[in-house]
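Note sheet for the following structure.
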Amino acid sequence: MTRTRILAALVMAPLAILAILLLPTDWMMMLAAVVFLLGLWEWFDLAEIEDTLARTVLLVAHLAVMVALVWASRSTTGFSFVLFQLMTVAGVIWWLLALAWLGRYNFASDHETYARVFKLAAGALSMIPAWCALAWIHASEPNGHRWLLAALAVVWAADTGAYFAGRTFGGKWFGGRRLAPRISPNKTFEGLAGGMLAAVLAGVAFSLIAGAGVAQLPAVALVSLAAGLFSVVGDLFESLLKRHVGVKDSGHLIPGHGGILDRLDGVLAALPVFALGKALLGF
81 MTRTRILAAL VMAPLAILAI LLLPTDWMMM LAAVVFLLGL WEWFDLAEIE
131 DTLARTVLLV AHLAVMVALV WASRSTTGFS FVLFQLMTVA GVIWWLLALA
181 WLGRYNFASD HETYARVFKL AAGALSMIPA WCALAWIHAS EPNGHRWLLA
231 ALAVVWAADT GAYFAGRTFG GKWFGGRRLA PRISPNKTFE GLAGGMLAAV
281 LAGVAFSLIA GAGVAQLPAV ALVSLAAGLF SVVGDLFESL LKRHVGVKDS
331 GHLIPGHGGI LDRLDGVLAA LPVFALGKAL LGF
């Protein structure tokens with residue numbers, strides 16, 4: 081599995097990097113919208129929305145919101161990202177609320193009642209703000225495309241660092257305690273520590289490529305740590321949804337990785353945090 085996982089990553093990562101660095105922001109937004117909507121389609125599976133017509137209507141509704149945000153942001157003087165920024169803030173608030181949801185394992189687990197409503201709302205609050213944050217970062221000046229690469233590198237590094245640190249040191253430093261045993265039994269505090277170290281190092285390294293000055297590196301490190309931690313929240317939240325329906329992966333599209341949503345979970349939570357932190361701390 082590790083070999084397959086690495087090979088798939090070696091194929092996907094260069095394509096993602098080329099798209100981020102070479103595509104203009106409007107094309108990047110369209111490509112990201114396609115990927116995020118594919119992830120949303122898998123989210124419908126986790127909410128047990130089985131009717132194809134209902135799923136299609138929901139998907140079109142989310143696409144309509146994205147289109148409306150773009151349309152409302154256009155003017156004769158140019159494109160304003162104010163609505164995208166507001167959606168990004170909403171995304172950060174949502175992921176803070178998601179922390180409370182993680183502490184209540186059985187909340188919205190009964191899909192015969194109200195659970196689907198909450199999970200569909202969670203899907204919208206996860207996908208659309210993350211897409212807005214991605215666009216905001218990519219369009220920022222200077223070197224927004226490089227800053228987006230830095231933000232994604234934080235998530236990738238956190239995931240990879242946690243995976244290998246957990247396999248190597250799991251159960252050795254923190255008395256065998258697990259991070260969230262009921263939601264994701266394999267996640268360890270050792271993996272979390274390794275992932276956060278990797279996230280900070282990646283954030284600092286890629287920020288230098290993006291043009292950050294030495295004086296900005298402490299702020300970059302802080303935001304990278306916060307984004308890395310939130311990526312774990314996103315990962316755990318998707319794991320919670322999968323536990324509720326009894327599946328291991330959100331899909332089977334990517335060998336060794338599962339579905340699109342399995343690769344997006346951490347990104348969805350980390351991008352709004354990185355974008356807001358970058359704006360507030362001014363780097």
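Note that the numbering used here has the sequence shown beginning at 81, numbered continuously upward.
All C-beta atoms in this analysis are idealised placements derived from N, C-alpha and C, irrespective of residue type, glycine included.
Model, not experiment: these values are computed from the prediction.
Spatial neighbours of residue i in its chain, beta-carbon cut-off 7 Å, leaving aside the 5 residues before and after
{"i": "Ala278", "result": "Ala237, Ala238, Thr240 and Gly241"}
{"i": "Glu122", "result": "Ser330, Gly331, Gly339, Ile340 and Leu341"}
{"i": "Gly250", "result": "Thr268, Glu270 and Gly271"}
{"i": "Val325", "result": "Leu126 and Glu128"}
Where residue i falls: helix, strand or coil (DSSP)
{"i": "Gly362", "result": "coil"}
{"i": "Gly119", "result": "helix"}
{"i": "Gly338", "result": "strand"}
{"i": "His225", "result": "helix"}
{"i": "Leu351", "result": "helix"}
{"i": "Gly357", "result": "helix"}
{"i": "Ala99", "result": "helix"}
{"i": "Met81", "result": "Residue confidence for Met81 is low, a pLDDT of 48 falling below 50, so the modelled location carries little weight; the figure read from the coordinates is stated next. It is coil, neither helix nor strand."}
{"i": "Lys322", "result": "helix"}
{"i": "Ser330", "result": "coil"}
{"i": "Trp107", "result": "helix"}
{"i": "Phe254", "result": "coil"}
{"i": "Asp345", "result": "helix"}
{"i": "Asp131", "result": "coil"}
Residues sharing a beta bridge with residue i, DSSP
{"i": "Gly158", "result": "Ser155"}
{"i": "Ala260", "result": "Ser264"}
Own chain partners of residue i with C-beta closer than 6 Å, once the 5 adjacent residues on each side are dropped
{"i": "Leu297", "result": "Val284"}
{"i": "Leu245", "result": "As written in the sequence, residue 245 is Ala, which differs from the Leu given in the question. The answer, listed in chain order, is Glu270, Gly271 and Gly274."}
{"i": "Cys212", "result": "Phe164, Met167 and Thr168"}
{"i": "Ser304", "result": "Val234, Ala279, Val280 and Gly283"}
{"i": "Tyr185", "result": "Arg262"}
{"i": "Ile129", "result": "Arg135"}
{"i": "Gly308", "result": "Val234, Ala238, Met276 and Ala279"}
{"i": "Asn223", "result": "Ala290 and Gly291"}
{"i": "Ala355", "result": "Thr168, Ala213, Trp216 and Ile217"}
{"i": "Ser287", "result": "Ala230 and Val300"}
{"i": "Ala170", "result": "Pro209"}
Proximity test, Cβ basis, 7 Å: residue i and chain B
{"i": "Val327", "result": "In the structure shown, chain B does not exist; there is a single protein chain."}
Neighbourhood of residue i by C-beta distance below 8 Å, restricted to the same chain and skipping five residues each side
{"i": "Ile289", "result": "Arg226, Leu229 and Ala230"}
{"i": "Leu360", "result": "none"}
{"i": "Lys328", "result": "Lys322 and Gly338"}
{"i": "Leu176", "result": "none"}
{"i": "Ser153", "result": "Phe159, Ser160, Phe161, Val162, Leu163 and Phe164"}
{"i": "Leu302", "result": "Gly357 and Leu361"}
{"i": "Ala99", "result": "Met108 and Leu111"}
{"i": "Leu95", "result": "none"}
At 4 residues or longer, and completely inside the stretch 264 to 303: list those alpha helix (DSSP H) runs for me, N to C. 269 to 290
Report yes or no: do the stretch 259 to 274 and the stretch 317 to 324 share at least 3 C-beta pairs separated by less than 8 Å? yes
So, do the stretch 139 to 148 and the stretch 219 to 230 have three or more beta carbon pairs nearer to each other than 8 Å? no
Count the CB pairs spanning the stretch 203 to 212 and the stretch 181 to 193 that are closer than 8 Å, and state whether there are at least three. no
Could you tell me whether the stretch 339 to 352 touches the stretch 304 to 313, where touching means 3 or more Cβ pairs closer than 8 Å? yes
Extract the residue ranges of the alpha helix (DSSP H) inside the stretch 161 to 224, only unbroken runs of 4 or more that lie entirely within it. 162 to 182 and 195 to 219
Is the number of C-beta pairs between the stretch 128 to 144 and the stretch 214 to 225 that are closer than 8 Å three or more? no
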